[in-house]
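Asks: In terms of my numbering, the sequence shown opens at residue 167 and continues consecutively.
For glycine and all other residues, C-beta sits at the position ideal for the given N, C-alpha and C.
Only a predicted model underlies this, so the values are computations on that prediction, with no experimental measurement involved.
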Amino acid sequence: MPININNTGLKNANIDSKSSNRQVQGETQQKPASVSQKGGDAVSLTSEAQQLGGLQEKAMNSSGIDQAKVDKIKADIESGSYKINVEQLANKLAQFESDLFSNGNNE
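#1: Cα separation between V209 and E223?
#2: Specify the secondary structure class of K238 as computed by DSSP and reduced to three states.
#3: When the cut-off is 7 Å and only beta carbons count, does V209 lie next to chain D?
#4: Is K249 helix, strand or coil when you go by DSSP?
#5: Rounded to whole angstroms, what's the CA-CA distance from K249 to L218? Just pull it up for me.
What follows is the structure in structure tokens.
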């Protein structure tokens, strides 16, 4: 006796309505702040979700570089007033090497 794994020709109203509800929910989650559907359903985003969306867009458009800080360091280097903390630099280099070699031995 063959088994129909695709359920071709069979209808189940409960499954069909659940899958169509999921499709509608998926579509409404991708729409902007407040949208009405034909059936009278409405979707609205909380102010936190709208704020998060705005912050995400701002982050995507940002270069991640603090240009004011870069300009100040450039000016300090050009004027000769930029000071390097050699102890801090040496500590950071030693920490970097320690992390680099300890991670290589643990694998």
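Replies: According to the structure shown:
#1: 21 Å
#2: helix
#3: The displayed structure is made up of one protein chain only, and chain D is not part of it.
#4: coil
#5: If you take the alpha carbons of K249 and L218, they lie about 39 Å apart.
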